[in-house]
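Counting in UniProt numbering, the sequence shown runs from 1 upward without gaps.
Built from N, CA and C at the ideal position, the CB exists for glycine as well.
Quick caveat, the model's predicted, so the values are computed rather than measured.
Just below is one structure, and these are the notes that go with it.
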Amino acid sequence: MAQQTNPRTDQDSPWKRILQQYFQEAIEFFFPDIAKAVDWTQPPEFLDKEFVKIAPDAKVGRRFADQLVRVKLKRGKDLVLLIHVEVQAAPEQKFAERIFVYSLRIFDYFRQPAVSVAILCDASPTWRPQQYGFALPGTTLNFQFSMVKILDYRVEELDASRNPFAIVVKAHLKLQETKKDNLSRKSWKMQLVRQLYEAGYNQEQVLNLFNFLDWVLVLPKRLEAEFWTELKAYEKERKMPYITSVERIGFERGHDQGVKEEAQRSLERSRSLILRQLTRQVGTLPDKALTKINTLSIERLESLGEALLDFESIEDFTAWLKTQK
Numbered sequence: 001m002a003q004q005t006n007p008r009t010d011q012d013s014p015w016k017r018i019l020q021q022y023f024q025e026a027i028e029f030f031f032p033d034i035a036k037a038v039d040w041t042q043p044p045e046f047l048d049k050e051f052v053k054i055a056p057d058a059k060v061g062r063r064f065a066d067q068l069v070r071v072k073l074k075r076g077k078d079l080v081l082l083i084h085v086e087v088q089a090a091p092e093q094k095f096a097e098r099i100f101v102y103s104l105r106i107f108d109y110f111r112q113p114a115v116s117v118a119i120l121c122d123a124s125p126t127w128r129p130q131q132y133g134f135a136l137p138g139t140t141l142n143f144q145f146s147m148v149k150i151l152d153y154r155v156e157e158l159d160a161s162r163n164p165f166a167i168v169v170k171a172h173l174k175l176q177e178t179k180k181d182n183l184s185r186k187s188w189k190m191q192l193v194r195q196l197y198e199a200g201y202n203q204e205q206v207l208n209l210f211n212f213l214d215w216v217l218v219l220p221k222r223l224e225a226e227f228w229t230e231l232k233a234y235e236k237e238r239k240m241p242y243i244t245s246v247e248r249i250g251f252e253r254g255h256d257q258g259v260k261e262e263a264q265r266s267l268e269r270s271r272s273l274i275l276r277q278l279t280r281q282v283g284t285l286p287d288k289a290l291t292k293i294n295t296l297s298i299e300r301l302e303s304l305g306e307a308l309l310d311f312e313s314i315e316d317f318t319a320w321l322k323t324q325k
C-alpha cells in the first residue's frame, strides 16, 4: 500500500510565486499571441493592492491564484492583464462568471478593459470554460476569454521547450499522474530536478523552479528522506550543490555534527532569503521585526515564506507573528 502523503491545499502560493518570478516566460508559454504584442523591455507592474480593492473576495479561501498585471504594448499603450490560475482538483462551477465580474470591476476601477486569461489545472478533460453570457429581451451579452488547460500538454512536447514553464507544467502533470503511486512520484521528482541542471539554469533559477517542484510533488516522510539522499549524491557528482546547500531537513539528522553545522548554515541562508523577500513585499523592516525574524526556527521561516506572499504592509507581518506564539 502506498504511503499517504500530507497534501498541500494551498497550491495557489507556488503558482502565484512562480508567475511573478517568470511572468514574461509564463505569457510567452501559455499565451504567445498576447506575448508578441507586449513590449518586454518595460517591466510588468503587479497590481496586487489594486486587485485586493477590486476583488476583496479573491483573498477568501485558497482556491485560486489570480494576478492583475499592467504591461506596455509595443504601440505604447498600457494593457491590464487579468490572469486566473484555477488550482482546484474539482472544477469551479461559477469560474466564468467570476472572471466576468472581475473584468467589470477592473473596467470600473481603471476605466479601461482588461485582457482576461485562464490557466486551468484540474483533471477534468471536459471542463473548459471560455465564455459567460446571457440573452434577455432587448439585451444580449457574450463575454469570451482565453483559456489553456494543463491537461492538454504532453511531456514529450514539453521536453523540447527551454521555457521554465515547461518544467512547471510537467510537475503539475506528474502530480495528477502519480496521485496513487508515491514511488513513481519520487522518481519523477528526481528526474525533473536533473532536467533543471541539464537545462543549464543558474542557481537562482534552479532554486526557484525546485521550490515549485518540491511544493507540488509532495512525498511521504520516508520517501522524502530518500529523495534528499539521492539529490545530495547527484549534486555532489555534478559538483553543483545548488539545492542541498539550503537543505531544509538537516536538523532532523542532528546526530551528525557535520550535518548540524550544514543545517545551521542552511538556516542562516534561508533567513537571509526570507528577509529579502519580506523587505521587497512590505518595505523596510523595523529593528524589532528583524530581531524577531532572527529567532525563528527553520519551520517558522518556511511558514513565513509562504505567508508573506499575501502581506501588503508591515502590519500584516506583525499580525502573522502573533499567530506564531
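Where K149 is concerned, the enclosing beta strand (DSSP E) starts and stops at 146–149. Shown here, E97 sits in a helix according to DSSP, grouped into three states. Positions of the beta strand (DSSP E) runs, each at least 3 residues long and wholly inside the segment 104–137, are given as 114–120, 131–136 in order along the chain. Annotated three-state conformation of V218 is coil, per DSSP.
DSSP places I243 outside both helix and strand once states are collapsed to three, so it counts as coil.
Annotation for L192: I167, K170, A171, L213 place their beta carbon closer than 7 Å to its own, counting only its chain and skipping 5 residues before and after. For D78, the enclosing beta strand (DSSP E) stretches over residues 78–86. Of V218, R194, E204, the smallest CA-CA separation from A233 is found for R194.
Taking C-alpha positions only, R162 is separated from A199 by approximately 7 Å. The DSSP-derived three-state label of E312 is coil.
Counting C-beta pairs closer than 8 Å gives fewer than three between the segment 216–227 and the segment 20–37, which falls short of the contact rule.
Take F23, set aside five residues on each side of it, and the residues of its chain with a beta-carbon closer than 6 Å to its own are P44, in chain order. Secondary structure note for R70: it is in no alpha helix (DSSP H), and the uninterrupted beta strand (DSSP E) holding it is 67–72. For V155, the enclosing alpha helix (DSSP H) starts and ends at 155–159. For D33, the enclosing alpha helix (DSSP H) has its first and last residue at 32–37. With a 10 Å radius around the Cβ and a threshold of 16 neighbouring Cβ atoms, T279 comes out exposed.
Per DSSP, the continuous alpha helix (DSSP H) segment holding R194 begins and ends at 182–198.
In this structure, the straight-line span from the alpha carbon of K239 to that of K189 is close to 20 Å.
Annotated three-state conformation of N202 is coil, per DSSP.
Assignment of E25 by DSSP, reduced to helix, strand and coil, places it in the helix class. According to the DSSP assignment, P164 belongs to the alpha helix (DSSP H) that extends over 164–177.
Spatial neighbours of W40 in its own chain (CB-CB distance under 6 Å, excluding positions within 5 residues in sequence) are listed in chain order as Q24.
Considering only F110, H84, L290, the residue with the shortest C-alpha distance to R98 is H84.
Its chain contains V282 as the residues whose beta carbon lies nearer than 7 Å to that of S313, once the 5 sequence neighbours on both sides are disregarded; these appear in chain order. For the 8 Å CB-CB criterion, V80 and F110 form a contact. The C-alpha of R154 is placed about 34 Å away from the C-alpha of Q277. In the assembly as shown, K49 is an exposed residue. Its beta-carbon has fewer than 16 other beta-carbons within 10 Å. In summary, D152 is exposed, with fewer than 16 beta-carbon neighbours lying within 10 Å of its beta-carbon over all protein chains present. For V115 and E315, the gap between their C-alpha atoms comes out near 33 Å. Closest by C-alpha distance to L309, out of T140, Y132, F46, I106, is F46.
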